[in-house]
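For the sequence shown, position 39 (counting from the first letter as 1) is numbered 44 according to the working numbering, and the numbering increases by one without interruption.
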Amino acid sequence: MRKRTGVQFRKSRKTAHTFERIQACKRCHTYHVLWDTHCEDCGRAYTPIRQLSSKVTRRYVQTRFLLLGLFICLAVLSADTLLQLSLAFGIGALLVVLFFVIQKKYGSYEKDAQFLRFLTAEQEAIKKSLLRHLEEIGADVKEERIKDAYEKTREIGHFIQSDTIKIRKIMFLNHYVLRKDMELELDTLVPQTYDKDFMEYLREVVKVQPWLVKKAVLDYVNRYKAQILLLENGEQLIGQVAGAALRMKTYVEQYQELIIEFIDYLPRERLLRLAKMARTHRHEGWERLYEAAKKRVDTHYAFDPDFKGVM
Ligand SMILES: [Zn+2]
């Protein structure tokens, strides 16, 4: 196993929508999803993509207003009698009011629809920019700037959810000592197929942030149990993952078989938790869990004061 080093990753931005991560350089017509604030080619400040799109929408609305005005003017000019003139004015005014009301009521909806159209139209340009970022990452790896490579891949991972991206991130992360205070990811890294590097990563994560173990990871471990058992200390690894599942009652129920199978490898403190939970829910379909926990406690922790009277 390679030697891990310490690291401090930059904080990742939190956004409600993925698209909010996209910034545009209006001068070069390029996009950017990393943390830079200014275009590296021309130096111009980036504009958030949504802002760019609303400008387009505003232009549409203005054009429509203009056309409406023009139409009213024409009607007024071509009126021959007073009646026609007042009709032209009246209908014109009515149309303007109607237009205002509609714009007010459905303006935000139109903005969203327009934004979607805008995104679709800009798809190719955005893709090109992502590819450019990927090339930068390639260069970072060559120069052994692994921290930069990871941080960039993490940002791109918001847009591309492929196994290649996941496995790259895992390989980068495996260079570092993982800590409790780090902003780590786990669910987002679960690959489609069995991956040894992912297991190496999981082994470290579960030690420092067991709360990251959720359904996706538990399913993965369940699915690739046979392969994991071939790893050095594979049983212990599954035991730790099963131990992390004890955080939630629903997980215990859903992954009961896995927990029972690897009960001998549960860390002591996890077994204690399981014993207490199993006692509480003993008559709610947890009989087998209770029996398994009791057997393990009786054979290995019979004289441990913490376990006294638990089962
Ligand atoms: Zn630029």
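Backbone N, C-alpha and C define an ideal beta-carbon position, used for all residues, glycine too.
inquiry  = Between which residues of its own chain and Ile264 is the CB-CB distance below 6 Å, once the five residues before and five after are set aside?
reply    = Ala247
ask   = Between Thr52 and ligand 1, is the CB less than 7 Å from at least one heavy atom?
value = no
ask   = Which of the three DSSP states, helix, strand or coil, is assigned to Ala221?
value = helix
message = Considering just the uninterrupted stretch of the beta strand (DSSP E) at Ala341, what are its terminal residues?
response = Shown here, the chain extends from 6 to 316; a query on residue 341 therefore has no answer.
ask   = Which of helix, strand or coil does DSSP assign to Thr35?
value = Strand at Thr35.
ask   = Within 10 angstroms of its Cβ, does Asp311 collect 16 or more other Cβ (buried), or is it exposed?
value = So Asp311 counts as exposed.
ask   = Can we count Thr42 as close to ligand 1, meaning its CB is less than 7 Å from some heavy atom?
value = no
query = Contact check, Asp269 vs Arg301 under 8 Å by CB: the rounded distance?
reply = 7 Å
request  = Check whether the Cβ of Arg32 sits closer than 7 Å to any heavy atom of ligand 1, and report yes or no.
outcome  = yes
key: Residue range of the alpha helix (DSSP H) that includes Gln89   = Leu87 to Lys147
ask   = Whole-angstrom Cβ separation of His34 and Ala130, contact assumed at under 8 Å?
value = 6 Å
query = Quick one: Cα of Ile170 to Cα of Gly162, how far?
reply = Roughly 7 Å separates the two Cα atoms.
request  = From the DSSP output, in three-state form, read off Ala298 for me.
outcome  = helix
task = Please state if the CB of Ala29 and the CB of Tyr317 are separated by a distance shorter than 8 Å.
result = Since the first residue of the chain shown is 6 and the last is 316, residue 317 is not available in this structure.
inquiry  = Can you determine whether any heavy atom of ligand 1 sits closer than 7 Å to the C-beta of Asp153, and answer yes or no?
reply    = no
query = In terms of alpha-carbon separation, which member of Thr68, Phe203 and His138 lies closest to Met176?
reply = Met176 has its Cα closest to that of Phe203, out of Thr68, Phe203 and His138.
key: Three-state secondary structure assigned by DSSP to Thr198   = Thr198 falls in the coil class under three-state DSSP.
inquiry  = At the level of alpha carbons, what is the spacing between Glu274 and Gly314?
reply    = 16 Å
message = Taking the straight line between their C-alpha atoms, what separation do you get for Ala280 and Gln119?
response = The alpha-carbon atoms of Ala280 and Gln119 are separated by roughly 57 Å.
request  = Verify whether the separation of the beta carbon atoms of Val210 and Leu191 is less than 8 Å.
outcome  = Closer than 8 Å, so yes.
query = According to DSSP, is Ala84 helix, strand or coil?
reply = coil
inquiry  = Less than 7 Å separating the Cβ of Thr198 from some heavy atom of ligand 1?
reply    = For Thr198, the Cβ stays outside the 7 Å cut-off from all heavy atoms of ligand 1.
inquiry  = In this structure, how does DSSP classify His163 when only helix, strand and coil are distinguished?
reply    = coil
query = Is the closest heavy atom of ligand 3 to the C-beta of Arg137 under 7 Å?
reply = Absence of ligand 3 from the depicted structure is noted, with ligand 1 being the only ligands included.
request  = State the start and end residues of the unbroken alpha helix (DSSP H) segment that holds Arg173.
outcome  = Element bounds for Arg173: Asp168 to Leu178.
ask   = Would Gly244 be called buried (16 or more neighbouring beta carbons within 10 Å of its own) or exposed?
value = buried
inquiry  = Can you give me the C-alpha to C-alpha distance between Glu140 and Lys157, rounded to a whole angstrom?
reply    = In a straight line, the C-alpha of Glu140 is about 11 Å away from that of Lys157.
Buried versus exposed, by CB contacts within 10 Å (16 or more), His138 = His138 is buried by the Cβ-count criterion.
request  = Assign Phe308 to buried or exposed, taking buried as 16 or more other Cβ atoms, counted over all protein chains shown, within 10 Å of its Cβ.
outcome  = exposed
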